[in-house]
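Chemist:
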Amino acid sequence: MRVLPKGRLSYGMQLPVQSQSTLYAEGWEAEAGPAELVAVARAADRLGFAYIGCCDHVAIPRRLAAAMGTVWYDPVATLAYLAAATTRVRLLSHVAVAALRHPLLTAKQYATLDHLSGGRLILGVGAGHVAEEFAALGVDFHARGALLDETIDALKAALGPEEFPEFAGERFAFDGLGQAPRPAQRPRPPVWVGGSSPAAVRRAAARGDGWLPQGDPRDLLAGRIVRLRALRERAAEHDPDCAEPAEIGAITEPCYIGEPTWRVGRRTLCGGGERIADSLRGYAALGVDQIQVRFRSRNVHELTDQMAAFAATVAPHLND
Numbered sequence: 036m037r038v039l040p041k042g043r044l045s046y047g048m049q050l051p052v053q054s055q056s057t058l059y060a061e062g063w064e065a066e067a068g069p070a071e072l073v074a075v076a077r078a079a080d081r082l083g084f085a086y087i088g089c090c091d092h093v094a095i096p097r098r099l100a101a102a103m104g105t106v107w108y109d110p111v112a113t114l115a116y117l118a119a120a121t122t123r124v125r126l127l128s129h130v131a132v133a134a135l136r137h138p139l140l141t142a143k144q145y146a147t148l149d150h151l152s153g154g155r156l157i158l159g160v161g162a163g164h165v166a167e168e169f170a171a172l173g174v175d176f177h178a179r180g181a182l183l184d185e186t187i188d189a190l191k192a193a194l195g196p197e198e199f200p201e202f203a204g205e206r207f208a209f210d211g212l213g214q215a216p217r218p219a220q221r222p223r224p225p226v227w228v229g230g231s232s233p234a235a236v237r238r239a240a241a242r243g244d245g246w247l248p249q250g251d252p253r254d255l256l257a258g259r260i261v262r263l264r265a266l267r268e269r270a271a272e273h274d275p276d277c278a279e280p281a282e283i284g285a286i287t288e289p290c291y292i293g294e295p296t297w298r299v300g301r302r303t304l305c306g307g308g309e310r311i312a313d314s315l316r317g318y319a320a321l322g323v324d325q326i327q328v329r330f331r332s333r334n335v336h337e338l339t340d341q342m343a344a345f346a347a348t349v350a351p352h353l354n355d
């Protein structure tokens, strides 16, 4: 179930504003809101970005608030809002903490989003890491891995072509319950699995249509891709869904197109388009299919200018 162009390195991005962890949010995002989100989404739509992404947390405990912040927009509401402001760009949950919710509820929300957007959903899912969030919602944090495995299986059934899907697992079972509208994509929207732990790699290989590593350094990413491909081949022996290679992603280093006049951080890729493209092509050499690019910026206008510069000067050389 390949979503992005086969054999070419595609590029997408996580939206600003909607999640404001101190690990990556720019200072201007604290005062930004819907207008800036729409401006960035429309720029991505116009400039050839493959997708825009939105994170997922229900509530952040005090012990983590200083680092993670408490600004985490709901992904379904946010992506649906931006679907109405765009026409082409795909809509990625990166990632929905799927084990927090019953799969029929998740399927209902994301099927509606796919239907309303004309088939632009990519459902990214992950295990989650905030114990208090699970406790508040009455979900066993320590069982989240097994719970997510079954949730993915249930979601693939619930988002498939059948109006009355059937599923029987240890925790979830449904049969004879109709859900409409159905997703626009056939046979179903793609499911990408997030995470870089050994369990997440196994899960992506055996159950996902794609893999979303969480900012792995390139030297570690290479070995994990080799491992995922080997596990995928093994899974394909008994699961036809795994016969097609998984869509492999990567989160790149921050980028600044051109020479910055302000301090952007030593890990930031800076310079002309061909120079940055030459570095980013290294991901393709590792076996990556799509990169999630990040840009340093001091306001929304600089961000959309950076996006435009990337599309004009970097993107044409990504597949040289």
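Under our numbering, read the sequence shown as residues 36 to 355, first letter to last.
Note that CB positions come from ideal geometry on N, CA and C, so glycine has one too.
1) Check the C-beta distance from ALA281 over to GLY317 and give it rounded, since I have them as a contact under 8 Å.
2) Kindly indicate which residue of GLU201, ASP184 and VAL236 has the alpha-carbon position closest to the one of ARG267.
3) Note down, in chain order, each residue of its chain lying with its Cβ closer than 7 Å to the Cβ of ARG206, except the 5 sequence neighbours on either side.
4) Just how far apart, CA to CA, sit GLN325 and ILE283?
5) Does DSSP put TRP107 in a helix, in a strand, or in coil?
6) Would you call ARG97 buried or exposed, if buried means 16 or more other Cβ atoms sit within 10 Å of its Cβ?
7) Grab me the residues of GLY195's own chain with a C-beta within less than 8 Å of its C-beta, minus the 5 sequence neighbours each way, in chain order.
8) Helix, strand or coil: how does DSSP classify PRO351 here?
9) Just reading off the alpha helix (DSSP H) that MET342 is part of, what are its end residues?
10) Let's test the definition: count the other Cβ atoms within 10 Å of the Cβ of GLU64 and tell me whether it reaches 16, buried, or not, exposed.
11) In whole angstroms, what separates the C-alpha of TRP227 from that of GLY307?
12) Leaving aside the five residues before and after LEU39 along the sequence, list all residues of the same chain whose C-beta is less than 6 Å from its C-beta, in chain order.
13) Between which two residues does the alpha helix (DSSP H) harbouring ILE260 extend?
14) CB-CB under 8 Å to ALA215, same chain, minus the five flanking residues each way: which ones, in chain order?
15) Where do the ends of the alpha helix (DSSP H) carrying VAL73 lie?
16) By DSSP's criteria, MET36 is part of a beta bridge. Which residues make up the other side?
17) Thinking PHE330 and LEU321 are a contact (beta carbons under 8 Å), I'd like their distance in whole angstroms, please.
18) Relative to the alpha-carbon of GLY180, which residue among ARG217, GLY230 and GLU294 has its alpha-carbon at the smallest distance?
Modeler: So, from the data block:
1) What you label residue 281 is simply residue 246 of the sequence shown in a count that begins at 1. What you label residue 317 is simply residue 282 of the sequence shown in a count that begins at 1. Not a contact, Cβ separation roughly 20 Å.
2) Working through the sequence shown from its first residue, we reach residue 267 at position 232. For the residues GLU201, ASP184 and VAL236, the minimum Cα distance to ARG267 belongs to VAL236.
3) Mapped onto the sequence shown, residue 206 falls at position 171. Counting only Cβ-Cβ distances below 7 Å, and skipping sequence neighbours, we find LEU182 and GLU185.
4) Working through the sequence shown from its first residue, we reach residue 325 at position 290. Working through the sequence shown from its first residue, we reach residue 283 at position 248. If you draw a straight line from the Cα of GLN325 to the Cα of ILE283, it comes to about 6 Å.
5) Residue 107 sits at position 72 when you count from the first residue of the sequence shown. DSSP places TRP107 in strand when its eight states are reduced to three.
6) As a first step, residue 97 is located in the sequence shown; it is residue number 62 there, counting from the start. Exposed.
7) Mapped onto the sequence shown, residue 195 falls at position 160. The answer, listed in chain order, is PRO222 and ARG223.
8) Along the sequence shown, one-based indexing puts residue 351 at 316. If DSSP states are grouped into helix, strand and coil, PRO351 belongs with the helices.
9) To locate residue 342, count along the sequence shown from 1; it is residue 307. It spans 335-344 - the alpha helix (DSSP H) in which MET342 sits, taken as one unbroken run.
10) Mapped onto the sequence shown, residue 64 falls at position 29. GLU64 is buried by the Cβ-count criterion.
11) The residue you call residue 227 lines up with position 192 of the sequence shown. The residue you call residue 307 lines up with position 272 of the sequence shown. If I take the Cα positions, the gap works out to 32 Å.
12) One-based indexing of the sequence shown puts residue 39 at position 4. Correct list, in chain order: SER45, ALA85 and GLN325.
13) Locating residue 260 in the sequence shown gives position 225, where the first residue counts as 1. Element bounds for ILE260: 253-271.
14) Reading the sequence shown from its first residue, position 180 is the one you call residue 215. Excluding residues within five positions, the ones whose Cβ falls inside 8 Å are GLU198.
15) For the purposes of this step, residue 73 is taken as residue 38 along the sequence shown, with counting starting at 1. Start and end: 69-82.
16) Position 1 of the sequence shown, counted from the first residue, corresponds to residue 36. Looking at the DSSP output, MET36 bridges to nothing.
17) Your numbering for residue 330 matches position 295 in the sequence shown. Your numbering for residue 321 matches position 286 in the sequence shown. With 8 Å as the limit, PHE330 and LEU321 do not qualify as a contact, their Cβ atoms being about 22 Å apart.
18) Taking the first residue of the sequence shown as 1, we reach residue 180 at position 145. Minimum Cα distance to GLY180 is reached at GLY230.
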